[in-house]
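Shown next, in C-alpha coordinates, is the structure this report addresses.
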Amino acid sequence: MTASILSSMFFFSHAFPPFTSRAPSRKPLAKAILVPMPENAAREISLVNHLTCVACRSDAGSAYLFNELIRMIFLAYYVGGAGFGDTDAMVYARAERELERVLRRAEHSRA
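With the sequence shown counted from 1, adding 1023 to any position gets you the working numbering.
Here's what the structure looks like:
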(Lines of atoms letter the chains of each structure in order from A and count residues from 1; the text may use other names and numbers.)
(Lines give C-alpha, C1' and ligand atoms only; values in the text may rest on other atoms or scores of the structure.)
Protein backbone atom coordinates (compact mmCIF):
# COMPACT_ATOMS: atom_id res chain seq x y z
CA MET A 1 0.00 0.00 0.00
CA THR A 2 1.31 3.43 -0.83
CA ALA A 3 0.80 6.22 1.62
CA SER A 4 0.13 9.64 0.29
CA ILE A 5 3.61 11.07 0.00
CA LEU A 6 2.82 14.69 -0.51
CA SER A 7 -0.74 14.99 0.79
CA SER A 8 0.19 16.87 3.92
CA MET A 9 2.05 19.30 1.73
CA PHE A 10 -0.94 20.04 -0.51
CA PHE A 11 -4.20 19.42 1.21
CA PHE A 12 -3.86 20.07 4.94
CA SER A 13 -2.66 23.62 4.84
CA HIS A 14 -1.29 26.10 2.38
CA ALA A 15 -0.25 28.41 5.17
CA PHE A 16 3.43 28.64 5.95
CA PRO A 17 4.66 29.02 9.50
CA PRO A 18 5.57 32.55 10.45
CA PHE A 19 9.23 33.38 10.48
CA THR A 20 10.61 33.91 13.94
CA SER A 21 13.73 35.64 15.05
CA ARG A 22 16.90 33.65 15.31
CA ALA A 23 17.32 31.74 18.57
CA PRO A 24 20.20 33.15 20.65
CA SER A 25 21.86 29.74 20.99
CA ARG A 26 22.07 29.13 17.24
CA LYS A 27 25.37 29.78 15.50
CA PRO A 28 25.37 32.49 12.83
CA LEU A 29 24.91 31.23 9.29
CA ALA A 30 28.02 30.80 7.17
CA LYS A 31 28.62 33.30 4.39
CA ALA A 32 28.30 30.51 1.78
CA ILE A 33 24.69 29.97 2.86
CA LEU A 34 23.80 33.63 2.67
CA VAL A 35 25.18 34.46 -0.79
CA PRO A 36 23.52 33.40 -4.05
CA MET A 37 24.32 29.93 -5.37
CA PRO A 38 27.22 29.80 -7.83
CA GLU A 39 26.07 29.52 -11.44
CA ASN A 40 27.90 26.22 -12.04
CA ALA A 41 26.19 24.65 -8.98
CA ALA A 42 22.78 25.77 -10.25
CA ARG A 43 23.56 24.29 -13.70
CA GLU A 44 24.60 20.99 -12.15
CA ILE A 45 21.40 20.76 -10.09
CA SER A 46 19.36 21.62 -13.17
CA LEU A 47 21.11 18.95 -15.22
CA VAL A 48 20.62 16.29 -12.52
CA ASN A 49 16.91 17.18 -12.30
CA HIS A 50 16.52 17.05 -16.07
CA LEU A 51 18.29 13.69 -16.39
CA THR A 52 16.20 12.31 -13.53
CA CYS A 53 13.01 13.25 -15.37
CA VAL A 54 14.27 11.79 -18.64
CA ALA A 55 15.28 8.50 -17.00
CA CYS A 56 11.97 8.13 -15.18
CA ARG A 57 9.94 8.95 -18.30
CA SER A 58 11.77 6.25 -20.25
CA ASP A 59 11.07 3.62 -17.55
CA ALA A 60 14.76 3.53 -16.63
CA GLY A 61 14.14 5.02 -13.20
CA SER A 62 15.20 3.58 -9.88
CA ALA A 63 14.20 4.09 -6.26
CA TYR A 64 16.97 6.66 -5.96
CA LEU A 65 15.74 8.62 -8.99
CA PHE A 66 12.17 8.44 -7.74
CA ASN A 67 13.31 9.96 -4.45
CA GLU A 68 15.05 12.69 -6.43
CA LEU A 69 11.74 13.46 -8.16
CA ILE A 70 10.00 13.74 -4.81
CA ARG A 71 12.77 16.01 -3.51
CA MET A 72 12.48 18.16 -6.63
CA ILE A 73 8.72 18.56 -6.18
CA PHE A 74 9.04 19.41 -2.49
CA LEU A 75 11.69 22.00 -3.26
CA ALA A 76 9.59 23.61 -5.98
CA TYR A 77 6.56 23.68 -3.68
CA TYR A 78 8.39 25.34 -0.79
CA VAL A 79 10.26 27.81 -2.99
CA GLY A 80 6.94 28.77 -4.55
CA GLY A 81 5.38 29.09 -1.11
CA ALA A 82 8.17 31.44 -0.11
CA GLY A 83 7.02 33.81 -2.85
CA PHE A 84 9.22 32.79 -5.77
CA GLY A 85 6.91 31.83 -8.61
CA ASP A 86 3.18 31.57 -9.04
CA THR A 87 2.54 27.91 -9.83
CA ASP A 88 -1.02 26.82 -9.12
CA ALA A 89 -1.38 24.31 -6.25
CA MET A 90 -3.22 21.98 -8.65
CA VAL A 91 0.07 21.37 -10.47
CA TYR A 92 1.53 19.93 -7.27
CA ALA A 93 -1.63 17.91 -6.60
CA ARG A 94 -1.38 16.43 -10.10
CA ALA A 95 2.30 15.62 -9.50
CA GLU A 96 1.32 13.86 -6.27
CA ARG A 97 -1.30 11.74 -8.07
CA GLU A 98 1.23 10.73 -10.72
CA LEU A 99 3.85 9.82 -8.12
CA GLU A 100 1.33 7.66 -6.31
CA ARG A 101 0.35 6.00 -9.61
CA VAL A 102 3.98 5.18 -10.33
CA LEU A 103 4.44 3.78 -6.82
CA ARG A 104 1.40 1.53 -7.21
CA ARG A 105 2.68 0.32 -10.58
CA ALA A 106 6.12 -0.40 -9.10
CA GLU A 107 4.60 -2.33 -6.19
CA HIS A 108 2.39 -4.30 -8.57
CA SER A 109 5.33 -5.24 -10.78
CA ARG A 110 7.27 -6.51 -7.74
CA ALA A 111 4.46 -8.82 -6.65
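Backbone N, C-alpha and C fix where the C-beta goes; we use that ideal spot for every residue, glycine too.
Exercise. Can the beta-carbon of glutamate 1062 be found less than 9 Å from the beta-carbon of threonine 1075?
Worked result: For the purposes of this step, residue 1062 is taken as residue 39 along the sequence shown, with counting starting at 1. For the purposes of this step, residue 1075 is taken as residue 52 along the sequence shown, with counting starting at 1. By the CB criterion at 9 Å, glutamate 1062 and threonine 1075 fall outside the cutoff.
For this session: Mind checking which residues open and close the alpha helix (DSSP H) that includes arginine 1117?
Result: Your numbering for residue 1117 matches position 94 in the sequence shown. From DSSP, the alpha helix (DSSP H) with arginine 1117 extends over 1112-1133.
Exercise. By Cβ distance below 7 Å, which residues in the same chain neighbour glutamate 1121 in space, the five residues on each side in sequence not counted?
Worked result: By one-based count along the sequence shown, residue 1121 stands at place 98. Nothing meets the Cβ criterion.
For this session: Just the C-alpha distance for cysteine 1079 and arginine 1117, rounded to the nearest angstrom, thanks.
Result: Taking the sequence shown and counting its residues from 1, the one referred to as residue 1079 is at position 56. Taking the sequence shown and counting its residues from 1, the one referred to as residue 1117 is at position 94. When only Cα atoms are considered, cysteine 1079 and arginine 1117 end up about 17 Å apart.
Exercise. Does DSSP put lysine 1054 in a helix, in a strand, or in coil?
Worked result: Within the sequence shown, residue 1054 is the residue found at index 31, counting from 1. If DSSP states are grouped into helix, strand and coil, lysine 1054 belongs with the helices.
For this session: Look at leucine 1126 and phenylalanine 1097 and say whether their C-beta atoms are less than 9 Å apart.
Result: Here residue 1126 refers to the residue found at position 103 of the sequence shown. Here residue 1097 refers to the residue found at position 74 of the sequence shown. No; because the gap between Cβ atoms is not below 9 Å, this pair is not in contact.
Exercise. Looking at arginine 1117 and the ligand GDP, is the gap between the Cβ and the nearest heavy atom below 8 Å?
Worked result: In the structure on display, the ligand GDP does not appear, and there are no ligands present to speak of.
For this session: Check arginine 1049 in the structure and name its three-state DSSP category.
Result: Translated into the one-based positions of the sequence shown, residue 1049 becomes position 26. Note: arginine 1049 maps to coil in three-state DSSP.
For this session: Using beta-carbon positions only, say whether tyrosine 1115 and alanine 1105 come within less than 9 Å of one another.
Result: If you number the sequence shown from 1, residue 1115 lands on position 92. If you number the sequence shown from 1, residue 1105 lands on position 82. For the 9 Å CB-CB criterion, tyrosine 1115 and alanine 1105 do not form a contact.
Problem set entry | Inter-residue spacing [alpha-carbon to alpha-carbon] between tyrosine 1123 and lysine 1054 | As a working note, residue 1123 is residue 100 in the sequence shown. As a working note, residue 1054 is residue 31 in the sequence shown. It is worth fixing the name first, because residue 1123 is glutamate in this sequence and not tyrosine. The alpha-carbon atoms of glutamate 1123 and lysine 1054 are separated by roughly 39 Å.
Exercise. On the three-state DSSP scale, how would you describe alanine 1065?
Worked result: Stepping through the sequence shown from its first residue, residue 1065 is reached at position 42. DSSP places alanine 1065 in helix when its eight states are reduced to three.
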